[in-house]
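Q:
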Amino acid sequence: MASYTDVLEYLSALDYPAGKDDVIREAEREGAPPDVLQALRALPPVDYANGSEVARSAGIDAAPEVGRSQRAAQSRDKRHQRVSQHLRGI
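Following this line, the structure appears as structure tokens:
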């Protein structure tokens, strides 16, 4: 599985904004491994403002050290509601 750092490494020379095809072409040119290319090929066909946006859109987590169970616990914790969730009750 590709990591957030891997994606950013192979896109470091890319000029943004860049489309999906530009992102994939740059990663191929930089010699990205198959797992990185697979993640990039699954991107939605939009323009990306920076490498972090590419990595997030590819479904690659910036904080892989946080496990699924910890994320689930955080999402159930009512103290960390998003603003939109809070405003639904108004």
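In terms of the working numbering, the sequence shown opens at residue 50 and continues consecutively. All C-beta atoms in this analysis are idealised placements derived from N, C-alpha and C, irrespective of residue type, glycine included.
#1: Taking a contact to mean a Cβ-Cβ separation below 8 Å, would you say residue 140 touches residue 95 in this structure?
#2: Who are the Cβ neighbours of residue 65 in its own chain at under 6 Å, not counting the five residues just before and after it?
#3: What number of angstroms, rounded off, separates the C-alpha of residue 52 from the C-alpha of residue 68?
#4: In this structure, what does DSSP give as the bridge partners for residue 67?
A: In terms of the structure at hand:
#1: Outside the displayed span of the chain (50 to 139) sits residue 140, for which this structure offers no information.
#2: Scanning its chain for C-beta atoms nearer than 6 Å, with the 5 sequence neighbours on each side dropped, one finds around residue 65 the residues 98 and 99, in chain order.
#3: Residue 52 and residue 68: Cα-Cα distance of roughly 20 Å.
#4: In the DSSP output, where bridge partners are listed per residue, residue 67 has 97.
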